[in-house]
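Notes follow once the structure below has been shown.
Numbering (my numbering), first residue to last: -4 to 164.
As structure tokens, this is what we get:
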């Protein structure tokens, strides 16, 4: 059976780590050897802002000023991957999407389009303090400043939690 899984949680909670473990499990268990489309929007954003387009420059300015990227760009990142790369016989794993209620609703419509209407949503629920400590410890460039980390964690509480609640219902 093809899997459709959404990993959602605070920055630094281990979404990517858990998604990697899950991908490895699928590879071991899938007797048909179906491919996996792994949709990780954070890395796509980081690649996008290094581009030279007008949109990339605007997005880089948003990133450099520690503002949240607009939902339409996030939706573009994962919907473009679905349109270009998803095959009918692929497992589908989302890491870090959706980031807002509107995006969750759009993702639901995309999954309905692809006849994947019952995704497994895994909310990795860690405390804010735990997340702060983990982000500081991993030492990635965008994790070196507690003020920037707090801003991202505030976005999670304000924007992502309504998406989590949407999937719970």
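The beta carbon of each residue, even a glycine, is placed where N, CA and C say it ideally should be.
Using the C-alpha atoms, what's the distance from residue j back to residue i?
{"i": "residue 157", "j": "residue 101", "result": "14 Å"}
{"i": "residue 54", "j": "residue 90", "result": "20 Å"}
{"i": "residue 106", "j": "residue 67", "result": "17 Å"}
{"i": "residue 140", "j": "residue 103", "result": "34 Å"}
{"i": "residue 136", "j": "residue 41", "result": "11 Å"}
{"i": "residue 78", "j": "residue 72", "result": "10 Å"}
{"i": "residue 111", "j": "residue 99", "result": "14 Å"}
{"i": "residue 86", "j": "residue 159", "result": "22 Å"}
{"i": "residue 18", "j": "residue -3", "result": "12 Å"}
{"i": "residue 1", "j": "residue 44", "result": "24 Å"}
{"i": "residue 147", "j": "residue 20", "result": "30 Å"}
{"i": "residue 152", "j": "residue 58", "result": "19 Å"}
{"i": "residue 128", "j": "residue 69", "result": "26 Å"}
Decide if residue i is buried, meaning its Cβ has at least 16 other Cβ atoms within 10 Å, or exposed.
{"i": "residue 24", "result": "exposed"}
{"i": "residue -1", "result": "buried"}
{"i": "residue 108", "result": "exposed"}
{"i": "residue 5", "result": "buried"}
{"i": "residue 126", "result": "buried"}
{"i": "residue 26", "result": "exposed"}
{"i": "residue 155", "result": "buried"}
{"i": "residue 113", "result": "exposed"}
With distances taken Cα to Cα, identify the nearest neighbour of residue i among the options.
{"i": "residue 29", "options": "83, 119, 118", "result": "83"}
{"i": "residue 163", "options": "60, 117, 51, 13", "result": "117"}
{"i": "residue 13", "options": "120, 151, 69", "result": "120"}
{"i": "residue 145", "options": "16, 61, 11", "result": "61"}
Subject >> Cβ contact check for the region 86 to 101 and the region 32 to 50: 3 or more pairs under 8 Å >> reply: Judged by pairs of C-beta atoms under 8 Å, the region 86 to 101 touches the region 32 to 50, as three or more such pairs exist.
Original post:
If you scan the region 71 to 147 from start to end, which runs of the alpha helix (DSSP H) of 4 or more residues do you find wholly inside it?
Top reply: The DSSP assignment places 96 to 108, 123 to 133 as complete runs of the alpha helix (DSSP H) inside the region 71 to 147, in order along the chain (cut-off: 4 residues).
**OP:** Examine the Cβ distances between the region 5 to 20 and the region 118 to 132 and report whether three or more of them are shorter than 8 Å.
**Re:** yes
Subject >> Segments of 3+ residues assigned as beta strand (DSSP E) that fall wholly inside the region 4 to 51 >> reply: 31 to 35
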